[in-house]
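S.K.:
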Amino acid sequence: MNTTDARKLKHEELTALRKRGVTAVQNGESPEDVARILGIFRVTIYNWLALYRSGGWDALDANKRGGRKPKLDAKAMEWLYKAITNKTPEQYRFPFVLWTSKLVGKLIKEHFGIINQAIKY
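So the sequence shown is numbered by the numbering used here: it starts at 10 and just counts up by one.
Next comes the structure, spelled out in structure tokens:
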């Protein structure tokens with residue numbers, strides 16, 4: 010069975026898919042058939058039905074996915090982009106001529122005082 014990876018769908022697409030699935034079950038289709046037709050796991054359609062029963066159509070709206078908030082705001086990202094595309098590391102007094110993730114991390118640390126735990130300095 011080819012399944013749909015809902016994580017890759019836009020919020021509007023996921024909401025529409027959920028509502029289409031619930032509507033199909035309400036119209037007499039079996040949840041198993043709906044899951045197969047939509048390319049989703051059977052447990053997913055049951056989760057959608059539970060959402061609908063507990064909160065109605067609004068409960069099927071896809072929420073913004075969580076995740077860690079970025080440490081750099083848009084203005085800082087713009088500065089960083091310009092810094093690494095318009096200048097070499099040597100111009101920032103680093104002893105290298107090419108940008109690496111480690112050097113970008115050091116530049117962020119020096120300019121913004123932010124340390125990225127994923128980068129080994």
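Glycine is no exception: its CB is placed at the ideal position from the N, C-alpha and C atoms.
For the alpha helix (DSSP H) containing Gln35, list its first residue and its last residue.
M.R.: Translated into positions along the sequence shown, residue 35 becomes position 26. Per DSSP, Gln35 belongs to the alpha helix (DSSP H) from 20-35.
S.K.: Taking buried to mean at least 16 other C-beta atoms within 10 Å of its own C-beta, is Tyr90 buried or exposed?
M.R.: The residue labelled residue 90 in the question sits at position 81 within the sequence shown. By the 10 Å Cβ count, Tyr90 comes out exposed.
S.K.: Between the Cα of Lys96 and those of Ala85, Trp108, Glu87, Met86, spot the shortest distance and give me the residue it belongs to.
M.R.: Start at 1 with the first residue of the sequence shown, and residue 96 comes out as number 87. It is Trp108 whose Cα lies nearest to the Cα of Lys96.
S.K.: How should Trp57 be labelled, buried or exposed, when 16 other C-beta atoms within 10 angstroms of its C-beta is the threshold for buried?
M.R.: Here residue 57 corresponds to residue number 48 of the sequence shown, with the count starting at 1. The residue in question, Trp57, is buried, as its Cβ has 16 or more Cβ neighbours within 10 Å.
S.K.: Mind checking Arg77: buried by the 16 CB within 10 Å criterion, or exposed?
M.R.: Taking the sequence shown and counting its residues from 1, the one referred to as residue 77 is at position 68. Its Cβ having fewer than 16 others within 10 Å, Arg77 is exposed.
S.K.: How many angstroms separate the CA atom of Asp82 from the CA atom of Phe121?
M.R.: Residue numbering aside, residue 82 sits at position 73 when the sequence shown is read from its first letter. Residue numbering aside, residue 121 sits at position 112 when the sequence shown is read from its first letter. Cα-Cα distance, rounded: 11 angstroms.
S.K.: What is the residue span of the alpha helix (DSSP H) that Asp42 lies within?
M.R.: Taking the first residue of the sequence shown as 1, we reach residue 42 at position 33. Element bounds for Asp42: 40-47.
S.K.: How would you label Ala44, buried or exposed, when you count the other beta carbons within 10 angstroms and need 16 or more for buried?
M.R.: Numbered from 1 along the sequence shown, position 35 holds the residue referred to as residue 44. Buried, since its Cβ has 16 or more Cβ neighbours within 10 Å.
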